[in-house]
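Q: Mind having a look at this structure? Questions to follow.
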DNA sequence: TCCACTATTGGACCGCCGGTCCAACGCTGT
DNA sequence: ACAGCGTTGGACCGGCGGTCCAATAGTGGA
């Protein structure tokens with residue numbers, strides 16, 4: 068029977084790393100990061116807590132694997148787009164949408180710069196920037212700028228989205244910001260900007276940021292003229 | 068028994084929110100985020116654990132206050148610089164240095180977009196971009212791009228710095244990255260970039276990102292010509 | 001066919017954590 | 001002088017991540 072199958076002696080429904088990670092993702096999507104406990108995972112799998120440590124070293128690895136499972140398909144998809152700048156926008160908006168759907172991913176990406184999901188993002192961004200003409204130090208600088216921007220925005224939007232009904236906090240924040248700006252400049256323009264911040268579309272603003280960085284890369288490098 | 072256990076309610080050296088936050092900062096600097104426990108704070112203050120909840124609502128507030136204590140002086144300092152672009156660089160490098168000295172701040176900043184420390188950064192960035200000529204939607208877009216970049220870089224560098232002796236992980240990561248890039252392009256240029264990533268100076272790369280951003284803002288907005 | 005072997009299982013257990021509760025206490029105002 | 005009251009701090013709670021190990025059930029060798 069076990070021609071190519073892993074040995075799965077004890078239970079009929081084999082416990083496997085794959086199944087454990089899937090359970091973790093389900094719990095994360097349903098309950099958020101706070102809901103992911105080893106106890107919850109084992110309960111979800113109807114097993115004891117010691118069992119899963121034969122397949123996963125610790126809870127952190129669960130988070131890392133889950134995040135990579137969400138992110139890695141996106142980079143592959145972006146590589147298929149022809150125009151490099153458009154591919155970068157596509158990759159960025161794909162990441163944004165993924166984090167919109169799975170806010171815990173945004174938090175997880177900030178937690179460790181050397182995790183597989185971040186590696187995948189770096190891989191995609193680097194390739195696309197290279198296609199855009201960036202080389203050497205400029206490639207490294209542009210890559211880190213874009214990656215850090217994307218990850219920073221991801222974490223901020225994810226953290227903001229998590230406190231879903233807490234738009235009172237958001238309003239307070241923006242009012243405080245407007246008040247401070249007005250205090251310094253006293254101008255209506257600043258108030259206007261604050262109101263724009265209040266009513267803005269997160270996704271559009273995120274993509275505008277990507278365009279700013281792309282414009283910066285082109286401008287600093289005199290790369291492919293595009294507009 | 069009363070003879071020894073109940074020591075001294077109502078102490079001479081007043082327990083205060085200020086003192087508690089200072090103790091938290093000391094612990095965070097010495098032990099890192101993992102070392103900050105309410106038990107450690109109370110031990111450091113030679114008091115019982117219930118006592119501090121009269122001054123601080125919970126551990127999260129401690130972190131928030133501690134981070135703001137590190138960040139808020141920086142924004143005030145940057146406002147004094149005349150040239151707006153230089154002031155932005157100064158603010159950014161100030162934040163970078165602060166996080167280099169207190170890595171836990173980098174993590175904390177990503178945790179909540181509506182906390183005072185982030186408000187201070189937004190305030191400074193917005194004012195300086197306004198001085199640079201940004202207005203309306205452009206100001207909001209540029210502000211969120213810069214803030215998110217700074218916060219993202221802060222979190223990444225902080226997380227990288229935290230695992231201090233773990234440069235094996237860093238090397239593995241960069242080798243994996245180089246391997247993937249080579250796999251796609253096979254060019255020596257990509258390898259070169261990866262080696263640049265390996266040997267780079269984090270601080271210089273961070274500031275290069277700020278410059279890319281500034282170039283992007285100027286290019287998109289045709290704002291104050293500066294170079 | 002059968003049995004010993006071994007990897008998997010899962011629950012008891014450990015040392016922590018953050019947060020609550022409240023009796024004891026000694027300033028402080030009268 | 002003294003009483004009232006706000007601070008104090010330790011006991012306590014439920015829950016956490018992770019370890020340990022006896023019990024078990026598929027598997028390969030005889």
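Protein chains in written order, with this note's numbering: chain A, 68 to 294; chain B, 68 to 294. C-beta atoms are modelled at their ideal positions from N, C-alpha and C, and glycine is treated no differently. Computed from a prediction, not measured in an experiment: that's the story for all the values here.
With H, G and I counted as helix, E and B as strand and the rest as coil, what does DSSP make of residue 180 of chain B?
A: Residue 180 of chain B: coil per DSSP, three-state reduction.
Q: Where does residue 103 of chain B sit, in a helix, a strand or coil, going by DSSP?
A: The answer is coil: DSSP assigns residue 103 of chain B none of H, G, I, E or B.
Q: Assuming residue 123 of chain B contacts residue 129 of chain B under a Cβ cut-off of 8 Å, what Cβ separation, rounded to an integer in Å, is found between them?
A: So it is a contact: roughly 6 Å between Cβ atoms.
Q: Would you say residue 135 of chain B faces chain A, with C-beta separation under 8 Å as the test?
A: Not one chain A Cβ lies under 8 Å of residue 135 of chain B.
Q: List, from N- to C-terminal side, the alpha helix (DSSP H) runs of 4 residues or more that fit wholly inside the segment 144–232 of chain A.
A: Taking only runs of at least 4 residues, the alpha helix (DSSP H) segments lying wholly in the segment 144–232 of chain A are 151–168, 170–178, 183–198 and 203–229.
Q: Between which two residues does the alpha helix (DSSP H) holding residue 91 of chain B run?
A: Unbroken alpha helix (DSSP H) run through residue 91 of chain B: 84–98.
Q: To the nearest whole angstrom, what separates the beta carbons of residue 135 of chain A and residue 187 of chain A, a pair I think is in contact under 8 Å?
A: Yes, they are in contact, since the Cβ atoms of residue 135 of chain A and residue 187 of chain A sit about 7 Å apart, within 8 Å.
Q: Could you check the C-alpha separation between residue 99 of chain B and residue 150 of chain A for me, to the nearest Å?
A: The alpha-carbon atoms of residue 99 of chain B and residue 150 of chain A are separated by roughly 44 Å.
Q: Taking the C-alpha atoms as reference points, what is the distance between residue 179 of chain A and residue 163 of chain A?
A: Whole-angstrom Cα-Cα distance: 18 Å.
Q: Let me make sure I understand the geometry here. Which of A/87, A/271 and A/141 has the alpha-carbon closest to that of residue 119 of chain A?
A: If we check each option's Cα against that of residue 119 of chain A, A/87 comes out closest.
Q: Excluding sequence positions up to five away, which residues of its chain have a Cβ less than 7 Å from the Cβ of residue 208 of chain B?
A: Once the five neighbours on either side are set aside, residue 208 of chain B has no close Cβ partner at all.
Q: Is the shortest distance between the beta-carbon of residue 304 of chain A and the beta-carbons of chain B less than 8 Å?
A: Missing from the structure shown is residue 304 of chain A; chain A here goes from 68 to 294 and no further.
Q: Hey, how far is the Cα of residue 192 of chain B from the Cα of residue 276 of chain B?
A: Their Cα atoms are separated by approximately 15 Å.
Q: Residues in the same chain with beta-carbon distance under 8 Å from residue 111 of chain B, minus the five sequence neighbours each way, listed in chain order, please.
A: These residues qualify, in order along the chain: 90, 93 and 94.
Q: Taking 8 Å as the CB-CB limit, is residue 169 of chain A close to chain B?
A: Residue 169 of chain A does not count as touching chain B.
Q: Does the segment 230–250 of chain B come within contact of the segment 226–240 of chain A, defined as at least 3 CB pairs closer than 8 Å?
A: Segments in contact, no.
Q: Are residue 177 of chain A and residue 222 of chain B close, meaning C-beta to C-beta below 8 Å?
A: Contact flag set, yes.
Q: Give the secondary structure of residue 268 of chain A by DSSP, where H, G and I count as helix, E and B as strand, and everything else as coil.
A: Coil, per DSSP.
Q: In chain B, what lies closer than 9 Å to residue 280 of chain A by C-beta?
A: Correct list: 212, 216, 276, 279, 280 and 283.
Q: Does any residue of chain A have a CB that is nearer than 8 Å to the CB of residue 15 of chain B?
A: Because chain B spans 68 through 294 in this model, residue 15 of chain B falls outside it and cannot be assessed.
Q: So with CB distances below 7 Å, who are the chain B contacts of residue 272 of chain A?
A: The contacting residues are 207, 208 and 211.
Q: Smallest Cα separation from residue 139 of chain B: which of B/159, B/183, B/156 and B/174?
A: Looking at the Cα atoms, B/183 is the closest of the given residues.
Q: Please go through the same chain and pick out, in chain order, the residues whose beta-carbon is closer than 6 Å to the beta-carbon of residue 269 of chain A, but skip the five residues on each side of it.
A: Taken in chain order, the residues that qualify are 224.
Q: Where residue 83 of chain A and residue 173 of chain A are concerned, what is the direct C-alpha to C-alpha distance, given to the nearest angstrom?
A: Roughly 26 Å separates the two Cα atoms.
Q: Using 8 Å as the threshold, is the C-beta distance between residue 337 of chain B and residue 284 of chain A below it?
A: Outside the shown range of chain B (68 to 294) lies residue 337 of chain B, about which nothing can therefore be said.
Q: Between residue 154 of chain A and the rest of its own chain, which residues show a CB-CB distance below 6 Å, the 5 nearest in sequence each way excluded?
A: Answer for residue 154 of chain A: 145, 148 and 195, listed in chain order.
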